[in-house]
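Colleague: Shown below is the structure under consideration.
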Amino acid sequence: MIRCVSKLARGNGGFFKQSHISLLHTYNMEQETLYIKKLSENATTPVRGSPYSAGYDLFSAADMTIKAHGKGIVPTDLSVAIPKNCYGRVAPRSGLAAKKFIDVGAGVVDCDYRGPLGIVLFNFSDEDFEVKKGDRVAQFILERICMAPIVEVESLDETERGEGGFGSTGIKKLRSEWSVFSKHNNYLQRGF
1 MIRCVSKLAR
11 GNGGFFKQSH
21 ISLLHTYNME
31 QETLYIKKLS
41 ENATTPVRGS
51 PYSAGYDLFS
61 AADMTIKAHG
71 KGIVPTDLSV
81 AIPKNCYGRV
91 APRSGLAAKK
101 FIDVGAGVVD
111 CDYRGPLGIV
121 LFNFSDEDFE
131 VKKGDRVAQF
141 ILERICMAPI
151 VEVESLDETE
161 RGEGGFGSTG
171 IKKLRSEWSV
181 FSKHNNYLQR
191 GF
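Throughout the sequence shown, residue numbering follows my numbering, covering 1 to 192 in sequence.
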């Protein structure tokens with residue numbers, strides 16, 4: 001049982017006086033658990049680096065080499081059972097990405113998948129990358145998802161963005177900001 005103060009209520013000088021914070025929303029949350037099964041003695045139980053780390057570190061269950069500019073699937077020798085309405089995202093470790101140019105691919109693990117968990121590693125460096133059994137090679141993040149039904153329609157509602165894709169919002173925003181800056185600059189130059 002978790003009790004949460006309403007997001008609108010703030011104490012000591014916020015939106016409501018302290019005496020008005022009697023609105024408590026009580027949520028009876030089902031305990032959500034990530035279940036793991038070790039498939040061999042080479043498997044390592046995932047751990048968090050700190051109590052507030054978003055991801056659980058995943059460990060290699062074998063020694064292997066990821067060739068320069070190559071890829072490989074690193075075994076963890078784990079199977080997982082993910083809570084419903086979640087999926088597991090296999091994400092890169094920041095240190096490996098920044099220092100060794102190692103990235104992760106194919107990182108979606110569905111909640112109904114029970115097979116072995118493998119980690120696709122891409123080596124973008126000019127040197128081979130050595131993975132040793134027990135090395136932390138990725139992190140596993142549980143994320144909530146919406147299982148929405150699909151409805152086919154003849155048209156979609158209009159939005160300000162419209163059909164602009166791939167960088168279009170950044171370009172429009174920059175143009176808009178430049179336009180405002182230019183107008184302001186012109187006024188200043190004319191002495192307004």
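Even for Gly, the Cβ is constructed at its ideal location relative to N, Cα and C. Every value quoted in this text rests on a predicted model; they were computed, and no experiment measured them.
In three-state terms, what does DSSP make of G70?
Modeller: Under the three-state reduction of DSSP, G70 is assigned to coil, being neither helix nor strand.
Colleague: Under 7 Å between the Cβ atoms of R89 and G70?
Modeller: Not closer than 7 Å, so no.
Colleague: List, from N- to C-terminal side, the beta strand (DSSP E) runs of 3 residues or more that fit wholly inside the region 84-161.
Modeller: 86-91, 102-105, 118-123, 129-131, 136-144
Colleague: Determine which residues share a DSSP beta bridge with S168 and list them.
Modeller: Looking at the DSSP assignment, S168 forms no beta bridge with any residue, so it has no partner.
Colleague: Less than 7 Å separating the beta-carbons of N42 and A61?
Modeller: yes
Colleague: By a C-beta neighbour count over all protein chains shown, 10 Å radius and 16 as the cutoff for buried, is D135 buried or exposed?
Modeller: buried
Colleague: Does V137 come within less than 7 Å of chain D when only Cβ atoms are used?
Modeller: Among the protein chains of the structure shown there is no chain D, as only one such chain exists.
Colleague: Going by Cα to Cα distance, which pick from K99, R93, I73, G95 is closest to D126?
Modeller: K99
Colleague: Specify the secondary structure class of S79 as computed by DSSP and reduced to three states.
Modeller: strand
Colleague: Going by the CB atoms, is the gap between T76 and L58 shorter than 7 Å?
Modeller: yes
Colleague: How far does the beta strand (DSSP E) with Y35 in it reach, from first residue to last?
Modeller: 35-38
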